[in-house]
Amino acid sequence: MSYRIITFVLEPRGRRARRLLLSFAAAATSYTVAAVLGPQSWAVPVESGEQAVPCKSDQVAVIASPTEGAMGHRAVMLTFSLAGGGEPCTLTGYPAVETGSGGPDLHAKPTPRGYLGGLPSNVDVPPTVTLSLAAQGQAVVEGMAVDGKGTACPNYTELRVNPPDTIIVLTVPATIDACELQVHPITDVH
């Protein structure tokens, strides 16, 4: 059996030919990337009749944002997500947060709101946040960069975070310079 290879040459016809060629190249690249990265997955929300249960220690992962600052205040946003694609679960309240490397141990004081984040002024009860493949929670940790005498505070490079109602303490790389810390309740990521 013989095979015939069909070839043709597009004669350059200006912009239209270049656009067509670029479109084919982009489509081929997209197809190749999709094939290499594997099948797509979709986030599935909790079924309307099902209730998510409180998160267990092994269901929660935590990361920290880069430090934000305003008027001498410093803040880090902790993002809580579902670890390993497990079943949806809930978190309610305040994470326990302590400083790690960089200075003396500080324990963040739970407060509903602060200068850089927290609950709205008309809300005092922390919400229940559902973690799923499609939803995360967040909590703000904040403090002042200088003490009452104007002296710069230590620069911490990690936080130890205990998500509410769990028994795990996660060491999270985070940079924040503070002499005292506050932590605000977990809320939905918007």
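Numbered per our numbering, the sequence shown finishes at 368, counting up by one with no gaps. No residue lacks a Cβ here, since even glycine has one placed at the ideal position from N, Cα and C.
The Cβ atoms of C233 and T268 lie closer than 9 Å to each other. Beyond the five residues adjoining it in sequence on each side, T289 comes within less than 6 Å, by CB distance, of Q360 in the same chain, given in chain order. Nearest C-alpha to H368 among T329, P341, Q316, D355: Q316.
Around the beta carbon of I364, 16 or more other beta carbons lie within 10 angstroms, which makes this residue buried. Of the candidates I346, P342, E336, D366, E336 places its Cα closest to the Cα of E276.
Under DSSP, L337 shares a beta bridge with T277, V350.
By the Cβ test, the stretch 306-322 is in contact with the stretch 240-256, since at least three Cβ pairs between them sit closer than 8 Å.
Here DSSP, grouped into helix, strand and coil, assigns A356 to coil.
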